[in-house]
Each structure stands twice: as C-alpha cells, then as structure tokens.
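Trainee: So the protein lines, in turn, are chains H and Z.
Counting along the first sequence from 1, when you hit position 17 you're at 17 in UniProt numbering, and nothing is skipped either side.
Counting along the second sequence from 1, when you hit position 126 you're at 126 in UniProt numbering, and nothing is skipped either side.
After the structure tokens below, expect a handful of questions from me.
There are 2 protein chains.
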Amino acid sequence: MSSDQIPGYTYGTDDVPDAPISMDEFERLQQTVLFDEDDEESLQMAGDVLEDQIDDVLDVWYGFVADHDFLVYYFTDGEGNPDEEYLDRVRERFGQWIRDTCETPYDENWLNYQFEIGRRHTRERKNEADDADAVDHIDMRYLVAFIYPITATIREFLADSDHSEAEVDAMYHAWFKSIVLQVTLWSYPYVPDENW
Amino acid sequence: MSSDQIPGYTYGTDDVPDAPISMDEFERLQQTVLFDEDDEESLQMAGDVLEDQIDDVLDVWYGFVADHDFLVYYFTDGEGNPDEEYLDRVRERFGQWIRDTCETPYDENWLNYQFEIGRRHTRERKNEADDADAVDHIDMRYLVAFIYPITATIREFLADSDHSEAEVDAMYHAWFKSIVLQVTLWSYPYVPDENW
Ligand code: HEM
Ligand code: HEM
Chain H
1 MSSDQIPGYT YGTDDVPDAP ISMDEFERLQ QTVLFDEDDE ESLQMAGDVL EDQIDDVLDV
61 WYGFVADHDF LVYYFTDGEG NPDEEYLDRV RERFGQWIRD TCETPYDENW LNYQFEIGRR
121 HTRERKNEAD DADAVDHIDM RYLVAFIYPI TATIREFLAD SDHSEAEVDA MYHAWFKSIV
181 LQVTLWSYPY VPDENW
Chain Z
1 MSSDQIPGYT YGTDDVPDAP ISMDEFERLQ QTVLFDEDDE ESLQMAGDVL EDQIDDVLDV
61 WYGFVADHDF LVYYFTDGEG NPDEEYLDRV RERFGQWIRD TCETPYDENW LNYQFEIGRR
121 HTRERKNEAD DADAVDHIDM RYLVAFIYPI TATIREFLAD SDHSEAEVDA MYHAWFKSIV
181 LQVTLWSYPY VPDENW
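This is the structure we're talking about:
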C-alpha cells in the first residue's frame with residue numbers, strides 16, 4: 001500500500017504542525033547521539049534489508065506487547081477489551097515508520113512528524129487519528145523503556161542479509177541512535193517546556 | 001576510596017527519600033526492558049571487568065562532554081565558566097555509580113537512589129550535594145539522548161577482558177537494559193505525575 005493510503009498517516013501534510021525546536025537544536029541532539037552521515041547511509045542499507053521483513057518485525061513487536069497485559073492496556077478501553085481495529089490501523093503506520101526511520105537524511109518534514117508521533121502517544125492526540133475509544137494516554141516511562149526492545153530485536157532482522165558483520169553492526173548502531181533520537185523528540189509533549 | 005567517603009554520595013542513607021513507585025511497578029519496567037536474572041549475573045561479571053578501568057571509562061565520558069559546549073554548559077555558571085571542583089566531585093560519584101550499576105540484584109535502596117539521581121539532574125536538587133553554583137537544571141532531552149553514548153562506549157571496555165564474545169555480548173546487553181531502566185526512572189521528576 002502506498003503511504004498516502006495508510007489511514008491516519010499524515011507525514012508531510014499540512015495537518016502536521018511545525019516542530020517546536022529549531023534545526024540547530026535538532027543538530028545538537030544528533031551530535032549527542034553521535035548521529036552522522038555514515039549512520040544515514042547505514043539506515044538506507046537497513047531500509048533495503050528490512051523492506052521484505054516488515055511484517056515479521058511487527059509480529060515480534062506486537063507479540064511482545066500482547067505478552068504483557070500492562071502494555072496491551074494502552075490499546076484497550078481500560079476495562080480489558082483490546083480494540084482490534086485500532087491495533088490493525090496502528091500496525092500499518094508502524095510499518096511505514098520503519099521505512100521512514102530508514103529514509104535518511106532527516107529533514108523538516110521528518111522532524112515535524114516526530115512531534116506528531118509524540119503527541120499521538122499522549123492525551124493531547126491519542127486515539128484521534130483512528131477515532132478510537134481506547135485509554136487516552138501512554139505513560140512516558142514505557143515509551144522510554146521501549147528503547148531497549150525496539151532496538152535489540154531489530155538485530156536478527158538486519159543480520160538476515162548478505163551483508164558483512166561490520167555492516168550489520170553499522171546498521172544496528174545507526175538504528176539504535178535513531179531510536180534514542182526519536183524517543184527523545186517524542187518525550188516533548190510529556191514535559192513542561194522549561195524541563196525538557 | 002570507600003563509598004562512604006565520597007562527597008555527596010548518600011546511597012542507602014536516611015537522606016534518600018523512598019521511591020515514589022512500588023516494587024511491582026519497578027518489576028513491570030524491568031519486564032519491559034527484558035531485564036532478568038541472567039542480566040544480573042552479567043552485570044556482576046561486568047563489574048569485575050570494569051573495576052580496574054573506571055578511570056578510563058570516565059575519561060571517555062568526560063571527554064565527550066568536554067567536546068560539546070552545549071553539554072559542558074551544565075557544569076558551568078551559565079556564562080562559560082566550568083566549575084572544576086563540581087566536575088571532580090561528580091566524577092567520583094559517577095565512578096561509584098558504575099559499581100552500583102553492576103552490583104545486582106537491585107533492591108529498594110537501589111531504587112530509592114535512582115530517584116535521588118534523577119532529582120539531582122533537575123532544579124529540584126541539582127548543585128545541592130556539592131554546594132555548587134552551576135546552572136540549576138539539566139534538560140531532559142539530553143538525559144534521554146545520553147542513553148546512546150553511555151551504552152555504546154562501554155563495549156570496548158567490556159571486550160578488554162578474557163571473556164568470550166558471547167559473554168561480552170551478554171554483559172553489553174545487560175548494561176544497555178540497565179541504562180534504559182535507570183534513565184526511565186530518572187525521568188520521573190521532569191514529568192507531571194499523570195504523564196509519567
Ligand atoms: C520506542 C518506543 C515506541 C515506538 C518506536 C513506537 C512507535 C509507534 C509508531 C510508529 C506509531 C504510529 C505513529 C503514527 O501515527 O504515524 C505508534 C503509535 C502508537 N503506539 Fe507506539 N511506539 C513506542 C512506544 C509505545 C508504547 C510503550 C506503547 C504502549 C504499549 C505504544 C502504543 C502505541 C499506540 C496505542 C499507538 C497509537 C496512537 C494513536 O492513537 O494515534 N507505543 N507508535
Ligand atoms: C545516561 C545519562 C546519564 C548518566 C548515566 C548520568 C550519570 C550521572 C551520575 C551517576 C551522577 C552522580 C549521581 C550522584 O549524585 O550520586 C550524575 C550527576 C550529574 N550529571 Fe549526569 N548522567 C547522565 C546524563 C547527564 C547529562 C545529559 C548531563 C549534562 C551534561 C549530566 C550532567 C550531570 C551533572 C551536572 C551532575 C551533578 C548533579 C548534581 O548537582 O548533583 N548528566 N550523572
């Protein structure tokens with residue numbers, strides 16, 4: 001499915017407000033996670049490796065969520081009933097996000113959409129894109145904690161390619177940096193401005 | 001130097017308030033980062049490997065901070081003057097923290113001190129332990145972003161041992177999980193309770 005047909009996916013459209021930080025500040029965050037042009041290239045390579053495995057990656061991640069009631073919770077009405085349509089629609093955007101993560105360099109549209117993804121995890125905008133009736137906020141502690149599983153689980157998929165060990169390593173580290181960078185940006189709506 | 005002689009280090013003392021979360025919630029966060037007993041053992045092994053290299057690790061981390069004005073900033077008066085005594089005192093506690101990170105399992109004293117470390121990065125308690133006059137708050141975005149450098153840089157030190165590649169990998173992943181877990185806990189004072 002082409003990305004403009006994914007329900008609720010608004011990357012690059014006028015629906016997405018401008019990022020609240022400057023490209024200079026974004027640059028400093030990239031420096032802090034040691035993200036450079038080599039990482040951009042490694043992510044492009046990762047994009048090629050992952051393209052045919054996206055469904056398998058999502059199976060692992062959704063399986064991980066499904067195994068933990070306190071995580072599934074965020075896809076439920078708060079009374080134990082998961083919203084299957086919501087889960088499916090988000091899954092589609094999650095797949096596209098893997099592509100977007102690998103499609104470097106990151107420009108202003110990319111940066112703007114990061115803040116949108118952040119908001120969609122909070123009571124500011126959760127459920128809106130899918131008109132869902134699920135609980136209205138994902139606690140920030142789980143967002144940060146997810147850095148580990150979302151990073152560690154990708155390695156086997158990157159390794160499932162004919163790239164050298166060194167290239168797999170480079171792709172893995174670029175992915176790790178990008179996840180930390182993105183979760184950092186996504187934390188923005190959770191935190192009073194003067195603390196962020 | 002034994003840990004009770006480290007200036008400003010109050011781990012396990014009555015000066016440290018109880019953690020604001022239950023051990024059950026802590027358990028859920030551990031599950032989210034896939035932290036288990038094997039990781040506890042790997043961290044103990046890492047503690048032995050790192051013990052004689054602590055100064056070298058700190059040189060790398062302090063060097064990284066020193067290379068970036070926008071990071072050194074948090075050790076300055078806000079007008080470009082780094083507080084050398086503050087840097088030195090914090091360094092001592094940073095070294096001890098490496099030991100504490102490896103000294104598993106994590107109990108209530110450990111958990112309580114995580115929240116104290118979090119507060120010490122914020123305007124709630126920054127500068128107090130050292131009676132310093134530096135800027136009064138470390139922006140949360142850099143705290144989260146530091147997950148990458150603090151994790152990635154440890155690997156070469158873990159590898160500088162006579163452990164097998166598989167053991168080095170296990171130590172590295174246990175370290176990675178622990179850093180994500182700790183930064184998750186440290187984010188607590190930055191965020192309104194209902195968002196965290
Ligand atoms: C590293 C951490 C995480 C990553 C990479 C991630 C990724 C994503 C992505 C790409 C989307 C779709 C964005 C879009 O609308 O285009 C999304 C939405 C969502 N995620 Fe996450 N997520 C993370 C953490 C979490 C956690 C901890 C939960 C809770 C179990 C969660 C639950 C959800 C939900 C419920 C939505 C739908 C939000 C809405 O209503 O629009 N996510 N996530
Ligand atoms: C993964 C991220 C980080 C780790 C593991 C870390 C670790 C530590 C540790 C162990 C301490 C001493 C705690 C104690 O008092 O016992 C400390 C304090 C401190 N850290 Fe961090 N830190 C991180 C992020 C940052 C960042 C991004 C900065 C800004 C450059 C920073 C600057 C400081 C300062 C200024 C103190 C002294 C706080 C005080 O006044 O007591 N840290 N950090």
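Beta carbons are placed, not taken as given, at the ideal position from N, Cα and C, and that holds for glycine.
Between ALA159(H) and VAL168(H), which are expected to be in contact by the criterion C-beta below 8 Å, what is the C-beta distance as a whole number of angstroms?
Mentor: At roughly 5 Å, the Cβ-Cβ gap stays under 8 Å, so ALA159(H) and VAL168(H) are in contact.
Trainee: Count the other CB atoms within 10 Å of the CB of SER164(H); is the residue buried (16 or more) or exposed (fewer)?
Mentor: exposed
Trainee: Would a C-beta distance cut-off of 8 Å place ALA19(H) and PHE157(H) closer than the cut-off?
Mentor: no
Trainee: Apart from the five residues just before and just after GLU124(Z), which ones in its own chain have a Cβ nearer than 7 Å to its Cβ?
Mentor: Leaving aside the five residues that flank GLU124(Z) on each side, the residues in its chain whose CB is nearer than 7 Å to its CB run, in chain order, PRO189.
Trainee: Hey, SER11(H) and TYR113(H): beta-carbon distance below 8 Å or not?
Mentor: The sequence given here places Tyr at residue 11(H); Ser does not occur at that position. Contact: yes.
Trainee: What is the DSSP secondary structure of ASP149(Z), counted as helix, strand or coil?
Mentor: Here the sequence assigns Pro to residue 149(Z), which means Asp is not the residue at that position. Helix.
Trainee: Taking C-beta to C-beta, are VAL191(Z) and VAL33(Z) nearer than 8 Å?
Mentor: no
Trainee: Quick one: residues in its chain with C-beta nearer than 7 Å to the C-beta of GLY8(H), no 5 flanking neighbours on either side, listed in chain order?
Mentor: The answer, listed in chain order, is ARG89, ARG93, ALA129 and ASP130.
Trainee: In this structure, how does DSSP classify PRO189(Z) when only helix, strand and coil are distinguished?
Mentor: helix
Trainee: Would you say ILE150(H) reaches chain Z, if we count a Cβ-Cβ gap shorter than 8 Å as a contact?
Mentor: Not an interface residue.
Trainee: So which residues of chain Z does PHE115(H) contact, with C-beta pairs closer than 8 Å?
Mentor: Those do not exist, as PHE115(H) stays about 12 Å from chain Z at its closest Cβ, beyond 8 Å.
Trainee: Please list the segments of the alpha helix (DSSP H) lying wholly inside the segment 20-102 of chain Z, counting only runs of 4 or more residues, in order along the chain.
Mentor: 23-32, 37-51, 54-66, 69-72 and 84-102
Trainee: Taking the runs of the alpha helix (DSSP H) that are 4 residues or longer, which of them lie wholly in the segment 121-186 of chain Z?
Mentor: 140-145, 147-152, 155-159 and 165-186
Trainee: Among VAL65(Z), THR104(Z), ALA134(Z) and SER161(Z), which one has its Cα closest to the Cα of TYR142(Z)?
Mentor: VAL65(Z)
Trainee: According to DSSP, simplified to helix, strand and coil, what is ASP4(H)?
Mentor: helix
Trainee: Just to check, is the beta-carbon of TRP97(Z) closer than 7 Å to a non-hydrogen atom of ligand 2?
Mentor: yes
Trainee: For ASP139(H), go through chain Z and note every residue whose CB falls closer than 7 Å to its CB, in chain order.
Mentor: TRP196
Trainee: Nearer than 7 Å: is that true of the beta carbon of ASP36(Z) relative to any heavy atom of ligand 1?
Mentor: No, the beta carbon of ASP36(Z) sits no closer than 7 Å to any heavy atom of ligand 1.
Trainee: Going by the C-beta, is ILE54(Z) closer than 7 Å to any heavy atom of ligand 2?
Mentor: no
Trainee: With distances taken Cα to Cα, identify the nearest neighbour of GLU27(Z) among TYR86(Z), PRO17(Z) and GLU108(Z).
Mentor: GLU108(Z)
Trainee: Leaving out five residues before and five after VAL144(H) in sequence, what residues of the same chain have Cβ atoms less than 8 Å from its Cβ?
Mentor: The beta carbon of VAL144(H) lies closer than 8 Å to those of VAL183 and SER187 in the same chain, with the five residues before and after it left out.
Trainee: Using only alpha-carbon positions, find the residue among ASN195(H), GLU194(H) and THR153(H) that is nearest to ILE54(H).
Mentor: THR153(H)
Trainee: Using 10 angstroms around the beta-carbon of PRO17(H), count the other beta-carbons present and answer buried if the total reaches 16, otherwise exposed.
Mentor: The C-beta of PRO17(H) has fewer than 16 other C-beta atoms within 10 Å across all chains shown, which makes the residue exposed.
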